[in-house]
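Undergrad:
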DNA sequence: TGTCCACTGGAAGGGAGGGCTT
DNA sequence: AAGCCCTCCCTTCCAGTGGACA
């Protein structure tokens, strides 16, 4: 009988024990190093909920990987443990996934509707209608509800602050239920854009999570290392290196854990019984490339064409383009690939999106009489990304196409 | 000092795709 | 079936602008 392609890998034993789950940033350990202060503070704010009183609203700030989400999820676990009588609810929601007012109201509402047939549809109703359905449900249940909105700035950026105003006034419209909001944001300046009424209501309490320094990151890594591996797999110097690298990148614990996990996977695959500093360096490059590759793959076709145009120009020795040049190249490529053309205005927006994703670098520049425009430059490795773009079925017609550098001799 | 270029980026609105209500 | 209302993607229109040049 022919053997499965998996057999050789199954037979070969891993060189060391590794529990991948523990190394994921989403894993919440029993203890969060260097965040006890924030945990205590948050617990103090939320404790009234357990006495059927309304806690203050809280705003939590901090850069990525400073433990905001981890602390809130940890508190959620502890809260549910303490709330044995079930007088309160704790809902966690990521506004990156649910990024409209309607979406948030709908998913909060659905948590309180057991009957699947009565669930609020993801579209079709007016927002006001969903709001009153929610108010009615909350009142009926007589609950204290804490809603944690992670990346709350995303939703404000998209839908404005009307929504926050609405959700904060739920307490005026309910008789028996009480609602508190925990807003989590990595943008310190995000409250500036809010309506003053919303701002003051939302930020009864404010908490700022500082970045971890190298020593603190080291403690976090050591804790996870002990849980995930046997002794000796990750040496002290390797952990120090990872901590130092992550500390350079604004003390991002998520980044540190990713580095550790990927380095461990690389070590395992190469048959090494320990993680070496070389594995860490390779892991660093791999993560950077993987992030870019994933971002590029998930781009809509039109954005891919724009990026392709930039990279082809770069190959031809022309790395910096103005918006006008990008648009000309874009139209050109669309023609060749048989794709419909978007307007210049729309392309400007797509360029801004690429900029926000970090795939291109664009800055406004004035050329005096030559006009004011953006100067755009790709900030991804051309070779790797071109290979990915060529795999897109809509861009197949452009495979191997090269832009010839215009040489003006006159 | 004013002009004028090549855009920038806000605002408004259309229409496709989704789904509820009557 | 008609009438709403939602989001998403896109177009049209347009006032605003930084700075080299006359």
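In this note's numbering, the protein residues as written are 931 to 1340. Ideal Cβ positions, reconstructed from N, Cα and C, are used throughout, including at glycine. Given the structure is predicted, the values throughout are model-derived calculations rather than measurements.
#1: Strictly by DSSP, which residues pair up with residue 1205?
#2: Identify which residue in 1119, 1222, 1072 and 1058 has its Cα closest to the Cα of residue 1092.
#3: Helix, strand or coil for residue 967 per DSSP?
#4: In three-state DSSP terms, what is residue 937?
#5: When we look at the beta-carbon of residue 1115 and count the other beta-carbons within 10 Å, is it buried (16 or more) or exposed?
#6: Would you mind reading off the limits of the beta strand (DSSP E) that contains residue 1022?
#7: Cutting at 6 Å between CB atoms, please list the residues of its own chain near residue 1303, excluding the five before and the five after it.
#8: On a Cα-Cα basis, can you pick out the residue from 932, 935 and 946 that is closest to residue 1199?
#9: For a test of the three-state rule: what should DSSP assign to residue 1303, helix, strand or coil?
#10: Under the rule that 16 or more other beta-carbon atoms within 10 Å means buried, what is residue 1330, buried or exposed?
#11: Can you round the beta-carbon distance between residue 1308 and residue 1290 to whole angstroms, since I take them to be within the 8 Å contact cut?
#12: Would you tell me roughly how many angstroms separate the C-alpha atoms of residue 1036 and residue 1099, rounded to the nearest one?
#13: For residue 1102, is the classification buried or exposed, using 16 other Cβ atoms within 10 angstroms of its Cβ as the cut-off for buried?
#14: Please state if the CB of residue 1235 and the CB of residue 1325 are separated by a distance shorter than 8 Å.
#15: Should residue 1172 be labelled buried (16 or more other beta-carbon atoms within 10 Å of its own) or exposed?
#16: Quick one: what's residue 1296 bridged to in DSSP?
#17: Look up residue 1075 in the DSSP assignment and say whether it is helix, strand or coil.
#18: Can you tell me whether residue 1067 is buried or exposed, with buried defined as 16 or more other CB within 10 angstroms of its CB?
#19: What residue range does the alpha helix (DSSP H) around residue 1341 cover?
#20: Quick one: what does DSSP say residue 1052 is sitting in, helix, strand or coil?
#21: Tell me, to the nearest whole angstrom, how far the beta carbon of residue 990 is from that of residue 1077; I am working on the premise that it is less than 8 Å.
#22: What residues match up with residue 1080 in a beta bridge as DSSP calls it?
#23: Kindly indicate which residue of 1249, 976, 958 and 1282 has the alpha-carbon position closest to the one of residue 1134.
#24: Pull up the distance between the alpha-carbon of residue 1053 and that of residue 1032, whole angstroms please.
#25: Looking at C-beta atoms only, is the number of pairs between the stretch 1263 to 1276 and the stretch 1212 to 1227 that lie closer than 8 Å three or more?
#26: With DSSP collapsed to three states, give me the class of residue 1179.
#27: How many Å lie between residue 1138 and residue 998 at the Cα?
#28: Less than 8 Å separating the beta-carbons of residue 1069 and residue 1108?
#29: If residue 972 sits next to residue 1005, beta carbons under 8 Å apart, how far is it from one beta carbon to the other, in whole angstroms?
#30: Could you give the residue range of the alpha helix (DSSP H) that holds residue 1094?
#31: Alpha carbon to alpha carbon, how far is residue 1220 from residue 1118? Give it in angstroms, no decimals.
#32: Please report how far the alpha carbon of residue 1022 lies from the alpha carbon of residue 1073, in whole angstroms.
#33: Specify, as a first and last residue, the run of the beta strand (DSSP E) that residue 1113 falls within.
#34: For residue 968, count neighbouring Cβ atoms within 10 angstroms of its own Cβ and tell me buried if that reaches 16, exposed if not.
#35: For residue 1118, which of helix, strand or coil comes out of DSSP?
#36: Taking the alpha-carbon of residue 992 as reference, which of 984, 1001 and 952 has the nearest alpha-carbon?
TA: So, from the listed chains and residues:
#1: Start at 1 with the first residue of the first chain, and residue 1205 comes out as number 275. Paired residues: 1164.
#2: As a first step, residue 1092 must be located in the first chain, where it is residue number 162. Ranking the options by Cα distance to residue 1092, first place goes to 1058.
#3: The residue labelled residue 967 in the question sits at position 37 within the first chain. DSSP places residue 967 in helix when its eight states are reduced to three.
#4: What you label residue 937 is simply residue 7 of the first chain in a count that begins at 1. In the structure shown, residue 937 sits in a helix (DSSP, three-state: H, G or I).
#5: Here residue 1115 corresponds to residue number 185 of the first chain, with the count starting at 1. Label assigned to residue 1115: buried.
#6: Here residue 1022 refers to the residue found at position 92 of the first chain. Per DSSP, residue 1022 belongs to the beta strand (DSSP E) from 1018 to 1024.
#7: The residue given as residue 1303 occupies position 373 in the first chain. So the list reads 1252 and 1253, once near-sequence residues are dropped.
#8: By one-based count along the first chain, residue 1199 stands at place 269. Looking at the Cα atoms, 946 is the closest of the given residues.
#9: In the first chain, counting from the first residue as 1, residue 1303 sits at position 373. Residue 1303 falls in the strand class under three-state DSSP.
#10: The sequence position of residue 1330 within the first chain is 400, counting from 1. It is exposed - the Cβ of residue 1330 has fewer than 16 other Cβ atoms within 10 Å.
#11: Position 378 of the first chain, counting from 1, holds the residue named residue 1308. Position 360 of the first chain, counting from 1, holds the residue named residue 1290. Yes, residue 1308 and residue 1290 are in contact; Cβ-Cβ is about 5 Å, under 8 Å.
#12: Here residue 1036 refers to the residue found at position 106 when the first chain is read from its first residue. Here residue 1099 refers to the residue found at position 169 when the first chain is read from its first residue. One C-alpha to the other measures close to 17 Å.
#13: In the first chain, the residue the question calls residue 1102 occupies position 172. Residue 1102 is exposed by the Cβ-count criterion.
#14: Position 395 of the first chain, counting from 1, holds the residue named residue 1325. Position 305 of the first chain, counting from 1, holds the residue named residue 1235. Taking 8 Å as the Cβ cut-off, residue 1325 and residue 1235 qualify as a contacting pair.
#15: Counting from 1 along the first chain, the entry for residue 1172 is found at position 242. It is buried - the Cβ of residue 1172 has at least 16 other Cβ atoms within 10 Å.
#16: In the first chain, the residue the question calls residue 1296 occupies position 366. DSSP output for residue 1296 lists 1302 as bridge partner(s).
#17: One-based indexing of the first chain puts residue 1075 at position 145. Strand at residue 1075.
#18: Taking the first residue of the first chain as position 1, residue 1067 is located at position 137. Note on residue 1067: 16 or more other CB atoms within 10 angstroms of its CB, so buried under the neighbour-count rule.
#19: Because the chain is modelled from 931 through 1340, residue 1341 falls outside the range shown and cannot be assessed.
#20: Position 122 of the first chain, counted from the first residue, corresponds to residue 1052. Coil, per DSSP.
#21: Within the first chain, the letter at position 60 stands for residue 990. Within the first chain, the letter at position 147 stands for residue 1077. Contact flag wrong, Cβ pair sits at about 13 Å.
#22: For this step, residue 1080 is matched to residue 150 along the first chain. Looking at the DSSP assignment, residue 1080 forms a beta bridge with 1024.
#23: Reading the first chain from its first residue, position 204 is the one you call residue 1134. It is 976 whose Cα lies nearest to the Cα of residue 1134.
#24: Numbered from 1 along the first chain, position 123 holds the residue referred to as residue 1053. Numbered from 1 along the first chain, position 102 holds the residue referred to as residue 1032. Roughly 8 Å between the two C-alpha positions.
#25: Verdict: no, contact absent.
#26: Your numbering for residue 1179 matches position 249 in the first chain. Coil.
#27: Position 208 of the first chain holds residue 1138. Position 68 of the first chain holds residue 998. Whole-angstrom Cα-Cα distance: 9 Å.
#28: What you label residue 1069 is simply residue 139 of the first chain in a count that begins at 1. What you label residue 1108 is simply residue 178 of the first chain in a count that begins at 1. No, the pair does not count as a contact, with Cβ atoms beyond the cut-off.
#29: As a position in the first chain, residue 972 is number 42, starting the count at 1. As a position in the first chain, residue 1005 is number 75, starting the count at 1. Correct: roughly 5 Å between the Cβ atoms.
#30: In the first chain, residue 1094 corresponds to position 164, counting from 1. Taken as a continuous stretch (DSSP letters only), the alpha helix (DSSP H) holding residue 1094 covers 1092 to 1098.
#31: Here residue 1118 refers to the residue found at position 188 when the first chain is read from its first residue. Here residue 1220 refers to the residue found at position 290 when the first chain is read from its first residue. Near 28 Å, if we compare the C-alpha coordinates of residue 1220 and residue 1118.
#32: Translated into positions along the first chain, residue 1022 becomes position 92. Translated into positions along the first chain, residue 1073 becomes position 143. If I take the Cα positions, the gap works out to 16 Å.
#33: Locating residue 1113 in the first chain gives position 183, counting from the first residue. Its beta strand (DSSP E) spans residues 1108 to 1115.
#34: Here residue 968 corresponds to residue number 38 of the first chain, with the count starting at 1. So residue 968 counts as buried.
#35: Within the first chain, numbered from 1, the residue matching residue 1118 stands at position 188. Coil at residue 1118, not helix or strand.
#36: Here the question's residue 992 lines up with position 62 in the first chain. Checked all of 984, 1001 and 952; the closest Cα to residue 992 is 1001.
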